[in-house]
Amino acid sequence: MRPLLVSLFVLLASALMLEARPKKADQKCKSGPVDLVFIIDGSRSVRPHEFETMRKFMIDIIHELDIGHSVTRVGVVQYSSQVQNVFSLKSFTKREEMVKAINEIIPLAQGTMTGLAIRYAMNVAFSAEEGSRPNVPHVAVIVTDGRPQDRVAEVAAAARESGIEIYAVGVARADMTSLRAMASPPFEDHVFLVESFDLIHQFGLQFQDKLCRVDLCLESDHGCEHICESSPGSYQCLCLPGYTLNPDGKTCAPIDLCAEGKHDCEQVCKSSPGSFTCTCNPGYTLNQDKKTCSMINYCSFGNHSCQHECVSVLSGFFCRCNEDYTLQEDGKTCRPNNLCNTVEHGCEYQCVSTVGSYYCICPEGQLLQEDGKGCGTCRSANIDLVLVIDGSKSVRPQNFELVKQFVNQVVDSLDVSGHGTRIGLVQYSSRVRTEFPLNKYQNAEDIKNAVLKVEYMEKGTMTGLALKHLVENSFSEAEGARAVSRNIPRVGLVFTDGRSQDDITEWAKKAKEVGITMYAVGVGKAVEDELRQIASEPVDKHFFYTSDFTAISQIAENLKLNVCAEESQGEIEVKDPCACDSLVEFQRATMANIEQLNQKLAVMTARLEDLENQLLTRK
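Just so you know, the sequence shown maps onto residues 876 to 1494 in our numbering.
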């Protein structure tokens, strides 16, 4: 009676557990097409009531499957010392026929040749002749209660290699090593060991979940507050990032890392679930590492208005002056203690500081100029001079260096200052480039240094384009030319070594029309007609030519653009005072001046005599 009671209890428990599964009435497993073969142990070690439990196990699973020719096909193989094909995959298409065949199975009650059974399943049960379908999952469930009496590892590996997924279910005396040798990986999903056949229904439930893909998170009232994670035959509750699962296994609580001290904020930690952010105290700002703090630099806002130095403090900022300066009452501006040491005074010779001001003085024998800064003896007047030099390929690098020396010789002959003579430089080839405008440099040394740094352009000879640039740009007020209303002479000097590749007529004419006095200097292959076309009248005084670059230094000596302030309406050619023609001209000019003086003296004498006669008449 006892075995019968046990069996009834097992059947009842199995039925109750199956009934407890959440499903709709008559709903079968929708696993898709599957070829399923049960390989059951019918050896003599399996007792009759245990075999009945195993029979019930198969029937329960079949009841949960969607049986049919195009869906799930089922076959059953019994083995002991030999293998018996109970029914093949093609035998039945109805559940009732399968149940009837399973109930009619008679245990073989011999040895345990598990390896032989696996080979049979691979070669026969899962063959096309027995109803196995290609491109359909092949699943074998092996149920055994003992150690195999033959080798199973190699044949099981071959079966798995052929595409058969093997579940190994061991009962009571089954050998775990053998089960793992038979089953497909991962073993935690394909190997089951229960203590008795009475518990085999537990595998039945899990196997149905795996085969039918039942998702308990969807099919049951799991009660998880955040996340339900389904696993075969079970589920677990998880929490969102930043939360931890409470002891009830369902609800979640936020993780407060700030309260737990799990942060590295330097000043203030603000908590959020499972995370935190760092902030700073008033007067501080968060650094790029998002953890440490630095005092706010109020000076960096750019609205402090400090003339010299802004010093940031916790509550704001204050202004500070440089050395030799005094902070004024407004707390922002600074007054120099010695203006001559701290400002760009521009004095040519010497700066003399006074309280809050300064003035310039000149050496003995020189006069302070109208600008209050320069000194001179009227050596040159105020002129704006732009030199336009040829940087074409025909000039060659070594000759270009001679051209730069020529420019610096011209510079040396002039008194250069911001209020005196201003000099600009333009280089041209196939294009035009302003090397420096008229307002760039205020003294000869800076100009000469800049000339030495000029880089050779090479390429073509677009003299017309250079003249256009000279007229439209070089003598504009934007580039430092002084207003026309100030009557400052504008002088352009063009240096070239060859024929222009474009027409020069239009812009050579316009240059003179707008009041620019043009000088033309040619070397080598320079075309005389073009040079004369560029030069101002009288052409002979504004046109120079030499056949060799080495002789241009002599041109620089002869080319003097010195203009005295009293004669600022034109240019005077200054010649060597020791030359013979200069002496003759000097004598002529002197005699003419003496003659004029004699005439004036004669007039004055006549007037004096007239006055004396008038006085005598009155007496």
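Ideal placement from N, C-alpha and C gives every residue a C-beta, glycine not left out.
None of these values were measured; they are calculated from a predicted model.
Under the rule that a run must span 4 or more residues, the alpha helix (DSSP H) segments found entirely inside the stretch 998-1049 read 1028-1036. Annotated three-state conformation of C1133 is coil, per DSSP. With a 10 Å radius around the Cβ and a threshold of 16 neighbouring Cβ atoms, D1372 comes out buried. For Y1234, the enclosing beta strand (DSSP E) begins and ends at S1232 to I1236. Between the C-alpha atoms of G1191 and Q1182 there is a straight-line separation of about 17 Å.
Listed as beta-bridge partners of F913 by DSSP are V951 and V1016. Residue burial annotation: P1312 is buried, with at least 16 other C-beta atoms found within 10 angstroms of its C-beta. For P923, the CB contacts under 8 Å within the same chain, skipping 5 residues up- and downstream, are P982 in chain order. In the three-state reduction of the DSSP assignment, Y1331 falls in the coil class, being assigned neither a helical nor a strand state.
Short of 6 Å from the beta carbon of A1341, and not among the five residues preceding or following it, lie these beta carbons of its own chain, in chain order: V1263, Y1303 and V1307. Membership of T1217 in the alpha helix (DSSP H) is indicated by the continuous run L1214 to T1217. Counting only residues of its own chain and dropping the five nearest sequence neighbours on each side, D1423 has a CB closer than 8 Å to the CB of V1398 and G1399. Rounded to whole angstroms, the separation of the alpha carbons of R1022 and D1123 is 43 Å. An exposed status is given to Q1163, since fewer than 16 other beta-carbon atoms sit within 10 Å of its beta-carbon.
In this structure the stretch 958-969 does not touch the stretch 1018-1032; the number of beta carbon pairs closer than 8 Å is below three.
Classified as exposed, S1232 has fewer than 16 neighbouring CB atoms from the shown chains inside 10 Å of its CB. When DSSP assignments are scanned along the stretch 1328-1416, the uninterrupted stretches of beta strand (DSSP E) that are 3 or more residues long and fall wholly within it turn out to be 1365-1371 and 1391-1398. Between the alpha carbons of C1185 and C1209 lies a distance of about 12 Å. By DSSP's assignment, Y1303 forms a beta bridge with D1265 and V1307.
Taking C-beta atoms under 8 Å as the contact rule, S1375 and G1339 qualify, at a distance of about 6 Å.
DSSP places V946 outside both helix and strand once states are collapsed to three, so it counts as coil.
The C-alpha of A1134 lies about 28 Å from the C-alpha of C1103. Judged by DSSP in its simplified three-state form, F1424 adopts helix. One thing to note: T1392 has its Cβ no nearer than 8 Å to the Cβ of S1349.
For G1206, the closest C-alpha among the options G1335, M1051, S1150 and C1196 is that of C1196. When the beta-carbon positions are compared, A1047 and L1054 stay at least 8 Å from each other.
Counting only the Cα atoms, C1155 lies some 60 Å from G1295. G1191 is bridged by DSSP to V1188. Taking C-beta atoms as the reference points, I1322 and V1286 count as a pair closer than 8 Å. Distance from the CA of L1476 to the CA of E1484, rounded to the nearest whole angstrom, comes to 12 Å. For the pair A1034 and A996, the CB atoms are nearer than the 8 Å cut-off. Taking one beta carbon from each stretch, the stretch 908-917 and the stretch 947-958 have 3 or more pairs nearer than 8 Å; the two touch. Around the Cβ of L1327, a 10 Å sphere holds fewer than 16 other Cβ atoms; the residue is exposed.
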